[in-house]
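Numbers given in the working numbering equal positions in the sequence shown, counted from 1, plus 111.
Backbone N, C-alpha and C define an ideal beta-carbon position, used for all residues, glycine too.
These notes are about the structure you will find just below.
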Amino acid sequence: MTSLQETKIILNKYNITANKKLGQNFLINDDVIEKIILSANIEQNDIIIEIGPGLGTLTKKLIEKAGKVIAIEIDNKMINILNDRFKQCDNFVLINQDVLKTDLNKLISQYKKSFEKVKIVANLPYYITTPIIMKLLEEKLDIESITVMIQKEVAQRITADPGDKLSGAITYSVNYYAIPEEIIVVESDSFIPAPEVDSEVIKLYIRNIPAVNVIDEKMFFNIIKASFMQRRKTLLNSLTNFGITRDKEKLKEVLTKAEIDETMRGERLTIEQFAKLSNLISKSI
Ligand code: SAM
């Protein structure tokens with residue numbers, strides 16, 4: 112049976128419609144599902160954390176492949192369906208929670224044995240794509256990779272080269288923690304209901320150590336955010352306007368020390384330049 116047939120049967124059987132507010136767009140394209148599974152590179156001992164399993168289309172394949180699947184779903188209606196479908200599977204754990212409120216570090220240490228790897232695989236709810244990705248990265252989870260379907264526009268920002276015109280604050284934040292890779296662009300007719308935007312699967316390979324050496328991560332990320340808040344402003348203006356420092360003269364000195372032209376726009380900086388600048392500011396301002 113195809114995913115499209117299966118989805119229609121389940122929606123009918125339980126008499127439910129997709130909840131737009133929860134970002135429910137169910138995947139019905141078997142080729143895309145296969146591509147996600149392949150690119151996630153799932154091994155027999157792996158623990159997969161799936162965010163938003165929904166009706167369980169992707170979940171079913173994950174259960175076949177992985178050592179354990181831990182699925183986190185907020186919607187009670189989906190929980191009933193998932194329980195009916197998979198409660199017999201001894202490698203399936205279902206958690207009825209908001210992923211943004213879930214203590215993922217605790218969850219991982221509860222299930223993971225030292226020889227096992229944890230990988231995140233999901234078709235994410237688009238209304239909270241960025242908070243979910245940033246939570247997965249900032250909490251420094253003991254995970255190998257994140258393979259997710261997200262909006263194409265966000266995917267292209269994340270995978271842009273830092274300094275490229277498509278890049279944004281998120282490009283640098285993600286690159287600090289991970290190496291991003293584009294997997295496949297997915298058209299909206301691969302879902303029921305079809306989302307209003309195109310989608311893309313990306314994979315983030317988590318780095319063992321961050322891309323650059325930073326003394327104060329909070330300062331580093333604040334400088335990046337400030338630089339992208341008003342993209343047309345020079346670095347000197349962005350950093351003084353957005354609370355990094357009020358001391359323009361001191362900042363000029365620091366920029367000279369970092370060998371960065373003060374009239375440059377923040378969006379042109381490399382991640383190494385942001386790190387250098389941030390470290391000098393942490394030490395001297
Ligand atoms: N995995 C299914 C698929 O591919 O067909 C459904 C994906 S759908 C795009 C997103 C899923 O995330 C929905 O099942 C939705 O209920 C769930 N979801 C939305 N917000 C959530 C949250 N804060 N925490 C956990 N799950 C959430």
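Counting only runs that start and end inside the stretch 186-228, the beta strand (DSSP E) elements of at least 3 residues fall at 203-207.
At the C-beta level, residue 167 and residue 193 come within 8 Å of one another. Residue 278 sits close to residue 378, with the two beta carbons spaced by under 8 Å. For residue 260, the enclosing beta strand (DSSP E) begins and ends at 256-262. Of the heavy atoms belonging to the ligand SAM, at least one sits nearer than 7 Å to the Cβ of residue 210. The stretch 146-159 and the stretch 221-234 touch, with three or more beta-carbon pairs separated by less than 8 Å. Cβ neighbours of residue 146 within its own chain (closer than 6 Å, five residues either side excluded): 295. Uninterrupted alpha helix (DSSP H) stretches at least 4 residues long and entirely within the stretch 307-373 occur at 328-340, 346-352 and 359-368, given in chain order.
Between residue 174 and residue 197, the CB-CB gap stays under 8 Å.
Counting along the chain, no beta strand (DSSP E) covers residue 386; the unbroken alpha helix (DSSP H) around it starts and ends at 382-395. The C-beta distance from residue 309 to residue 389 rounds to 35 Å, too long to meet the 8 Å contact threshold. With respect to residue 218, residue 257 sits apart: the two C-beta atoms are not nearer than 8 Å. DSSP places residue 161 within a strand segment (E or B) once states are collapsed to three. For residue 175, the uninterrupted alpha helix (DSSP H) segment begins and ends at 168-176.
The beta carbon of residue 241 sits no closer than 7 Å to any heavy atom of the ligand SAM. In the three-state scheme derived from DSSP, where H, G and I count as helix and E and B as strand, residue 251 is classed as coil.
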